[in-house]
Structure formats: C-alpha cells, structure tokens
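All remarks here apply to the structure that follows.
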Amino acid sequence: MKFSINQTELSNALAIVQKGVSTRSTLPILAGIYLEAHHDSIVFQTTDLDLSIQFTSTALVEEAGSAVLPGKLLVDIVKSLPDAAVHVSTDGETATITCDNSSFSIKGLSAQDWPGFPFVKTDQQISIPFETFSSMAKKVSNVVSRDDSRPILTGVLITLEDGALKMVATDSYRLSVTQKASDMGEGEFSAVISGAFVAELAALPKSGDDISIALAENQIVVSYRGTSFVNRRIEGKYPNYKQLLPSSHATRAVVDTAALAAAVKRAALLGSSGSSVRFSVSPEAQIITISSVRQDVGSTQEIVPAQVEGDPCEIAFNSSYVGEGLNSAPSDTIALELQGSMKPGIFKDTRSEDYLYLVMPVRLS
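For the record, in the sequence shown the residue sitting at position 169 is 168 according to numbering that gives the first Met the number 0, with numbers rising by one throughout.
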C-alpha cells in the first residue's frame, strides 16, 4: 500500500474514526485503525465490536492495499506533523510515514485479522437536518443514567410520531423531552440509542447536511457526510414517561432563564456537588426566593423576580439537576410548574412546547 494525503485531511479522518478504537479489549487488533487504499480513496475503519465507524477520504493512491496501524500512535503522529503532504507506505506489517523532513516507521498488525465493517440490512429510517439533530441531542444526552444495571435508561429514546420528532432521556431522578415538528411524512420510528453515542454524534462538525438513522434487527446505522456508524441497539421497553407528566399545576412561575440559573449556581456554592437548593415561590410578591443552608458553613438567599400565578409553594431540588436543565433551555424565559412540595417540578419553554424538563424534589429540611 502506498498513498499520499494532506495532513489536515488525514488528521480530520482519524479524528472521526478514532472514537471507535477499543481501549479496553483484550484483542490487540481492536486498538488499531484499518486503512484500505484503492483507486483514488482511502477507507478508514475502527471497531470495538459495539461501535463500528467507517470514513472515506480522497487521496493519491500509488499502490492499492490495506493495513492495520496502532490507533493512538497513528493519531498522535499525524497530529504532530506540519500541514503538508503525508506519504504512507507499507512493507508487510511495517508502515513508513513521511512528511517534510520527518519520517516514522511503525509496526502494524495483520490486516487479515481485521473483523471487517458490519454491513446490515435496515428497515425503518429517518433523515434529520444535522443542526436540528445536534441541538435536540445536546438537550437530552446528559440526562441519561450512568448506571449500567438498567441499560434502557443509559439510552436516548428517539421517536417519530404524529408529525413530531422527539428525543427523551431520564435517569429516574429527572426527565428531559425535546421535540420538533417534522415534515418526514407518514410512518413511525422508535429506537433507544446509547446516550454516549448520541452525544458523540451531536459533537460532529456542523453542516447543512442531513444525518440518517436506520434500524436493523439489533443495530443502529447512522450515516453523515460520508461517515457510517454502526452501533448496538439498546434492547428493552422504554419507561412510559408520559404518565409522569401531570395535566395540571397548582403554581406556575415564569422567570428569566439566565437569572434563575445564576441564582441556583450561587446558592449551590455553600454545598457540595448536587446539594439541594430551596425554591420559595410567592404569587403575592411575584418572586422566587432561592436559598441554601449548610449548618457548618452558612446560608444564602437570593430573590428572582417572576410572574407567578396560583398557590404559594416551597420545594427543594438537586442544584446540579436544575442547573443542567436551565442551561439546556432554548428560550430567554422558562416556566416552572408545581403541584406541591413533594411532587415533581416541571420546567417548560415559554415560546413553544419543544422543551420540557422534569425534576424530582428532595425533602425539605
């Protein structure tokens, strides 16, 4: 194998596929990046047997062939090179990489041992403008559970139904729902996809292109700008989150999103990460008082103006959960709907029904 490619293009290609390099497998081949040169292109592949990534880039190919090179080392070498032509050639399982006055000789692995890229038959498929997908995914992907004992909660539920695309995530302490009106026509789509995978996809370079998500029997196939991703589906039935959403409220307060987020952040300074903060909602004074008390440290209190209707209410929440929900809110103002001190609080976008964030309360001390 022998080819030449610009350093920037090679570095970008490796940055995309390196997310599929295994860091924990006992199989050395999975720590490598597979390269295959033919015609005028290079195919890059990585896999950890759960996630597989394939990307194709144009290059000047002098000799067709394939190789598996150590993933982390290859990425580090290419990053260190100047922005110039990079020449790669192989002799058996040894690769030579040259660029300007730099030259590396690295030992690879047998390309014959590479497990190959999984090509699977898909049925249901949706295509979403990438900016829409990325914006929605960033609102929910940090809410998934980190507890592998309930795998279904480590995923994001993506559905297409009744003309709306929805993404849902919960860790059983909070719930995030975001939706967008869809013009994808008739048909339904429903899948639970790894939250970590969704976050990786959302972080891909932005463009005006669509991202395609297709379902196979037990896998997810994602295509975006010449890159293919195949990941395992999370099996199981997603919890019926809709039954958690109340149809009414006793108290509703509309408040400046940034002001409330800042007040919660300041109140949390007295406690450890995830400490509770108290919300005292007053329809008479048209304010929300944010407070925190820690016996061995001190106390803090801050008044945030609000438009309040309904009953007065006092409730406490995990400060980290509230902060993350407010930081994901798309509008300048947010509505907080309450039913009482021991029932979930719901933060809603005031401009549309595109964002909802439910937080379980903590007991008032």
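The beta carbon of each residue, even a glycine, is placed where N, CA and C say it ideally should be.
On a predicted model such as this, the values are computed, not experimentally measured, just so you know.
Which same chain residues, not among the five before or five after Glu313, have their C-beta less than 8 Å away from its C-beta? Within the same chain, Glu313 has close Cβ partners Arg277, Phe278, Ser279, Val280, Ser340, Leu363.
Suppose contacts are defined by Cβ-Cβ distances below 9 Å. Is Thr250 in contact with Asp295 by that definition? Not a contact, by the Cβ cut-off of 9 Å.
Any idea what DSSP makes of Asn100, helix, strand or coil? Asn100 carries a coil assignment under DSSP once its states are collapsed to helix, strand and coil.
Reference Ala83, options Val254, Pro329, Ser101, Leu200, closest by Cα: Answer by Cα proximity: Ser101.
Beta-carbon gap between Leu335 and Gly322 smaller than 9 Å: Result no, Cβ atoms of Leu335 and Gly322 do not sit closer than 9 Å.
So, for Ser206: in the same chain, excluding its five sequence neighbours on each side, which residues have a beta-carbon less than 7 Å away from its beta-carbon? When the five nearest sequence neighbours on each side are left out, the beta carbons in the same chain lying within less than 7 Å of the beta carbon of Ser206 are those of Phe129, Arg224, in order along the chain.
Do the stretch 196-205 and the stretch 348-362 make contact, defined as three or more Cβ pairs closer than 8 Å? Because the criterion of three Cβ pairs below 8 Å is not met, the stretch 196-205 and the stretch 348-362 do not touch.
Cβ separation of Ser40 and Thr57, assumed to be a contact under 8 Å, to the nearest whole Å: Right, the Cβ-Cβ distance comes to about 5 Å (below 8 Å), so this counts as a contact.
Given this structure, state the Cα-to-Cα distance separating Pro245 from Ser126, to the nearest angstrom. Going by the C-alpha atoms only, they are around 32 Å apart.
Per DSSP, what are the beta-bridge partners of Tyr354 in this structure? BP columns for Tyr354 point to Thr177.
Are there 16 or more other CB atoms within 10 angstroms of the CB of Gly162, so buried, or fewer, so exposed? It is exposed - the Cβ of Gly162 has fewer than 16 other Cβ atoms within 10 Å.
Is it right to say Ala180 is buried, meaning 16 or more other beta carbons lie within 10 angstroms of its own, or is it exposed? By the neighbour-count criterion, in which a residue is buried when 16 or more other Cβ atoms sit within 10 angstroms of its Cβ, Ala180 is exposed.
Counting only beta-carbon atoms, is Tyr356 nearer than 9 Å to chain D? Absent from the structure is chain D; it holds one protein chain and no more.
Run through the stretch 67-135 for me and flag every whole alpha helix (DSSP H) of 4 or more residues, listed as ranges in chain order. Along the length of the stretch 67-135, whole alpha helix (DSSP H) runs at least 4 residues long occupy 70-79, reported in chain order.
If you follow the beta strand (DSSP E) that Gly309 is part of, which residue opens it and which one closes it? Residues 297-309.
May I ask you to list the residues that DSSP assigns as paired with Ile378? Given that the chain is displayed from residue 0 to residue 364, the structure contains no residue 378 and the question cannot be resolved.
CB Val143 to CB Ala195, shorter than 9 Å? Closer than 9 Å, so yes.
Proximity to Lys138 [Cα-Cα], best of Asn326, Gln306, Gln6, Ala266: Measuring from the Cα of Lys138, the nearest candidate turns out to be Asn326.
Three Cβ pairs or more, each shorter than 8 Å: is that satisfied between the stretch 35-54 and the stretch 8-19? These segments touch.
For Pro69 and Phe316, what's the separation of their Cα atoms in angstroms? When rounded, the distance between both Cα atoms is 47 Å.
What number of angstroms, rounded off, separates the C-alpha of Ser227 from the C-alpha of Leu34? Rounded to the nearest whole angstrom, the C-alpha separation of Ser227 and Leu34 is 15 Å.
Considering only their Cβ atoms, is the gap separating Leu156 from Ser193 smaller than 9 Å? No, the pair does not count as a contact, with Cβ atoms beyond the cut-off.
Kindly indicate which residue of Met135, Ser10, Met0, Ala262 has the alpha-carbon position closest to the one of Asp90. Considering only alpha carbons, the answer is Met0.
When the Cα atoms are used, what is the spatial distance from Thr288 to Thr299? The straight-line gap from Cα to Cα measures roughly 10 Å.
Between Ser140 and Glu62, what straight-line distance do the alpha-carbon atoms span, to the nearest angstrom? Their backbone Cα atoms lie some 43 Å apart in a straight line.
Return the Cβ separation of Arg145 and Tyr320 in integer angstroms, given the expectation that the two are a contact with Cβ distance under 8 Å. Incorrect: roughly 13 Å between the Cβ atoms, too far for contact.
Does the beta-carbon of Met135 have 16 or more other beta-carbons within 10 angstroms, so that it is buried, or is it exposed? Its Cβ being crowded by 16 or more others within 10 Å, Met135 is buried.
Roughly how many whole angstroms lie between the Cα atoms of Ala365 and Gly324? Summary: the structure shown does not reach residue 365, with the chain confined to residues 0 through 364, and so no result is reported for it.
Between Ile286, Glu301, Arg231, Val119, which has its C-alpha nearest Ala261's C-alpha? The shortest Cα separation from Ala261 among Ile286, Glu301, Arg231, Val119 belongs to Glu301.
Please list, in chain order, all residues of the same chain as Glu308 whose beta carbon is under 7 Å from its beta carbon, the five residues on each side excluded. So the qualifying residues of the chain are Arg251, Pro282.
Enclosing beta strand (DSSP E) for Leu59 [first to last residue]: From DSSP, the beta strand (DSSP E) with Leu59 extends over 59-62.
Inter-residue Cα distance where the pair is His248 and Asp348: For His248 and Asp348, the distance between alpha carbons rounds to 15 Å.
Give me the DSSP bridge partner(s) of Thr158. In the DSSP secondary-structure assignment, Thr158 is bridged to Lys165, Ser189.
Distance between Pro360 and Thr332 (C-alpha atoms, nearest Å): In a straight line, the C-alpha of Thr332 is about 21 Å away from that of Pro360.
Under a three-way DSSP split, which group does Gly235 fall into? The answer is coil: DSSP assigns Gly235 none of H, G, I, E or B.
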